[in-house]
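Data block below; observations after.
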Amino acid sequence: MDHHDHSGHHNMHHDHSAMSSHNMNNSSMQPMHNMDAMAMSMSFFFGTTGTILFDQWAFSTVGGLIGSMIGILIMAALYEGLKYYREFLFWKTYNALQYRAVSIPGKGVVNDDNQIVQPTMWSSMHCFQTFLHMIQMILSYFLMLIFMTYNVWLCIAVVVGAGIGYFLFGWKKSVIVDVTEHCH
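Residue numbers for the sequence shown follow the UniProt record's numbering, beginning at 1 and rising by one.
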């Protein structure tokens, strides 16, 4: 077995006494080696090498780390922006329905052109919101997995990116007027 690359795993101990001689062929050793390679440190560390999410996104230099941090920072800021964009679309749709729609008995909620404007499950806006929700979920899980690498530099990039995203997009939330408020 190849034990030369156990950086970050020096506290792990392997008991190979249960392995019999017929299990020592290459095919049975491969899964054991993959388990060793997949084991990860469960403590924060300052590293300048690593793999992020995919084998193709790996870095082994300080420049690669900085580039990865910038990419993660942008990803986290976009995640925050997407959250507020979805909320903006919701309120835009809600306000349009509330102020342009009139309830007509027997017809439902209609607009000035006498078209029904009540939202449905299959409306284009709801489908678009569903698509954006799926993108938001993917980004959130990617950011969580990046944080779970325990690389302090990458964790800092996630937090700073989320902070920048909130700074850029979150301020609008405080100026949104509650459309259900009757005392203007």
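Beta carbons: idealized from backbone N, C-alpha and C, even for Gly. Source: prediction; values computed, not measured.
Coil, strand or helix - residue i by DSSP
i    : result
F131 : helix
F54  : coil
Y166 : helix
F46  : coil
Reference residue i, options the options, closest by Cα
i    : options           : result
G63  : I164, E87 and G50 : G50
H126 : S43, Q56 and K92  : K92
A157 : L143, Q56 and M42 : L143
Exposure of residue i, with buried meaning 16 or more beta-carbon neighbours within 10 Å
i    : result
I138 : exposed
A77  : buried
K83  : buried
Proximal residues to residue i (C-beta, below 6 Å), its chain only, five neighbours per side dropped
i    : result
I164 : A77
Neighbourhood of residue i by C-beta, 8 Å cutoff - its chain only, sequence neighbours within 5 removed
i    : result
I52  : A58, F59, S68, I72, I146, T149 and L154
L168 : A77, E80 and G81
Q129 : R86, L89 and F90
T120 : H126
Close Cβ partners of residue i (< 7 Å) along its chain, the five nearest in sequence each way excluded
i    : result
G161 : I72, L73, I74, M75, A76 and A77
S27  : Bear in mind that a pLDDT of 43 at S27, under 50, signals an unreliable position, so the number given afterwards is only what the model happens to contain. No residues qualify anywhere along the chain.
S140 : Y79
For the 8 Å Cβ check, are there 3 or more pairs between the region 131–141 and the region 50–67? no
If contact is defined by three or more beta carbon pairs under 8 Å, each pair taking one atom from either stretch, is the region 44–61 in contact with the region 144–153? yes
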